[in-house]
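A quick write-up on the structure given underneath.
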Amino acid sequence: MLAVDLDGKRALVTGANSGIGEAIALQLAEAGADVVVNFLFHPEAAEAVCNKISALGRRAFAVQSDVSDPEQVASMFTRMDTEWGGIDILVNNAGIDGHPALAWQGKTTDWTKVLQVNLFGAYYCCREALDRMVAHGQGAILNMSSVHEVIPWSGYSAYTASKAGLSMMTKTLAQEAAPHGVRVLALAPGAIKTAINQNVWSNPDGLADLNQKIPLGRMGEAAEIAKMATVLMSDLASYATGSTIFVDGGMIDFADFAHGG
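Under our numbering, think of the first position of the sequence shown as 54, with each following residue one higher.
Shown next as structure tokens:
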């Protein structure tokens, strides 16, 4: 019988105090990993996640760190070194979609902020993790992308650019790290039901419109993303690296063409 076994693995999940990040942190812990819960705001929520992890019999602590600041990222990894002696799994989940605006109408500062968090932030964390993982000849990294690494999204050019960039960065880092026994993957969710998009799925008309874009006809749940993330970070996916895995109910399959062109 196949089972996901992460017993004793030391994981860091960024943006783990809510939504998909929280679900991933808890699923990793359920599979046996100790988990560092990174957050930027709402420390009480991060502590609540840590308490849930502790209730599963695993170690956990919360770290407030802005992933777009390389010095704060370095300090976060140093604390992991001090308390747990290193890292085995990194999940780069922290991200923002930014302020919606057509490209010629938006503010440059808003645009670059999305890149700083989604792309630079992931790179800073990958750099710190890889420095440690390569030295030890093992480890796994998962970059949380989006269907919008391949699907355009008007008003969100920064977000789509950041996710497309994250995809190619994942491939390149995987190529660099593979000879050292380290795997790097990306996971691209589609429309997942969380508090962030509640304004859409709580509105019957908005939900119906969204479901039409999904061949499976429904939004996904955070737990469905978390389960796939956990498998990808385990030895069950030991031969997988350098790819983006889409968990989107078929959204990138262009549901509008199901009835002909």
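In this text, a Cβ means the ideal position worked out from N, Cα and C, and glycines have one as well.
Between the Cα of residue i and the Cα atoms of the options, which residue gives the shortest distance?
{"i": "Leu289", "options": "Lys105, Ala156, Met281", "result": "Met281"}
{"i": "Ala241", "options": "Gln80, Val300, Arg185, Asn264", "result": "Val300"}
{"i": "His95", "options": "Ala82, Ala78, Ala69, Met197", "result": "Ala69"}
{"i": "Ala175", "options": "Ala308, Glu97, Lys216", "result": "Lys216"}
{"i": "Arg132", "options": "Gly273, Val88, Lys166, Asn145", "result": "Val88"}
{"i": "Ile267", "options": "Ile298, Arg236, Phe310", "result": "Phe310"}
{"i": "Ala231", "options": "Asp122, Thr283, Ile194", "result": "Ile194"}
{"i": "Ala76", "options": "Gly303, Thr161, Leu59, Thr247", "result": "Thr247"}
{"i": "Gly270", "options": "Glu277, Ala308, Val253", "result": "Ala308"}
{"i": "Gln125", "options": "Gln80, Ala108, Phe173", "result": "Phe173"}
{"i": "Gly302", "options": "Ala275, Thr223, Asp134, Gly218", "result": "Ala275"}
{"i": "Gly148", "options": "Gly139, Gln169, Trp157", "result": "Gln169"}
{"i": "Asp28", "options": "Asp122, Asp134, Trp206", "result": "Absent from the model: residue 28. The displayed extent of the chain is 54 to 314, so no value can be given."}
Going by beta carbon distance, what residues of the same chain come within less than 6 Å of residue i, once the five residues before and after it are set aside?
{"i": "Asp141", "result": "Lys62, Arg63, Gly192"}
{"i": "Asn91", "result": "Thr67, Ala69, Val116, Ser118"}
{"i": "Ile106", "result": "Ala82, Val88, Ala113"}
{"i": "Ala99", "result": "Asn70, Val90, Phe92, Ala115"}
{"i": "Arg236", "result": "Ala193, Thr294"}
{"i": "Asn196", "result": "Asn145, Ala175, Leu219, Thr223, Ala239"}
{"i": "Ala86", "result": "Leu59, Lys62, Ala64"}
Drop a sphere of 10 angstroms on the beta-carbon of residue i, count the other beta-carbons inside from all chains shown, and report buried for 16 or more, exposed for fewer.
{"i": "Gly74", "result": "buried"}
{"i": "Ile245", "result": "buried"}
{"i": "Ile249", "result": "exposed"}
{"i": "Glu181", "result": "buried"}
{"i": "Tyr177", "result": "buried"}
{"i": "Phe130", "result": "buried"}
{"i": "Glu229", "result": "exposed"}
{"i": "Ser71", "result": "buried"}
{"i": "Glu202", "result": "buried"}
{"i": "Ser287", "result": "buried"}
{"i": "Ser291", "result": "exposed"}
{"i": "Trp336", "result": "There is no way to answer for residue 336, as the model of the chain reaches only from 54 to 314."}
{"i": "Leu143", "result": "buried"}
{"i": "Leu155", "result": "exposed"}
{"i": "Gln265", "result": "exposed"}
{"i": "Thr162", "result": "exposed"}
{"i": "Asn146", "result": "buried"}
{"i": "Asn256", "result": "exposed"}
{"i": "Leu55", "result": "exposed"}
If I follow the unbroken alpha helix (DSSP H) through residue i, where does it start and stop?
{"i": "Arg111", "result": "Unbroken run through Arg111: none, as it is neither H nor E."}
{"i": "Ile77", "result": "72–83"}
{"i": "Leu143", "result": "No alpha helix (DSSP H) contains Leu143, which is instead part of the beta strand (DSSP E) from 142–145."}
{"i": "Arg236", "result": "That residue, Arg236, is in no alpha helix (DSSP H); its beta strand (DSSP E) goes 235–242."}
{"i": "Ile278", "result": "275–285"}
{"i": "Met221", "result": "210–230"}
{"i": "Pro257", "result": "257–264"}
{"i": "Ser128", "result": "123–137"}
{"i": "Gln251", "result": "251–254"}
{"i": "Leu168", "result": "161–168"}
{"i": "Val318", "result": "Lying outside 54 to 314, the shown extent of the chain, residue 318 is not represented and no answer is given."}
Taking the beta strand (DSSP E) that residue i falls in, what are its first and last residues?
{"i": "Gly192", "result": "192–197"}
{"i": "Ala293", "result": "First-last for Ala293: undefined, no H or E at that position."}
{"i": "Ser92", "result": "The identity of residue 92 in the sequence shown is Phe, whereas the question assumes Ser. That run of the beta strand (DSSP E) goes 87–92."}
{"i": "Ala69", "result": "Note, Ala69: premise wrong, no beta strand (DSSP E); not H, not E."}
Sorted by chain position, which residues of the same chain lie with C-beta nearer than 8 Å to residue i's C-beta, five sequence neighbours on each side aside?
{"i": "Asp150", "result": "Val167, Tyr209, Tyr212"}
{"i": "His233", "result": "Met186, Val187, Gly190"}
{"i": "Leu109", "result": "Leu79, Ala82, Glu83"}
{"i": "Leu263", "result": "Ala244, Val253, Trp254, Met272"}
{"i": "Cys179", "result": "Leu143, Asn145, Ile194, Asn196, Met222, Leu226, Val237"}
Apart from the five residues on each side of it in sequence, which residues of its chain come closer than 7 Å, Cβ to Cβ, to residue i?
{"i": "Cys103", "result": "Val90, Ala113, Phe114, Ala115"}
{"i": "Ala127", "result": "Glu181"}
{"i": "Ile305", "result": "Val200, Val203, Ile204, Phe299"}
{"i": "Ser220", "result": "Ser198, Glu202, Ala239, Thr297"}
{"i": "Pro153", "result": "Gly208, Tyr209"}
{"i": "Val57", "result": "Ala84, Thr283, Val284, Ser287, Leu289"}
{"i": "Leu260", "result": "Val253, Trp254"}
Measuring only from the beta carbon, is residue i closer than 7 Å to any heavy atom that is part of the ligand NAD?
{"i": "Ala290", "result": "With respect to the ligand NAD, the structure offers nothing, as it holds no ligand at all."}
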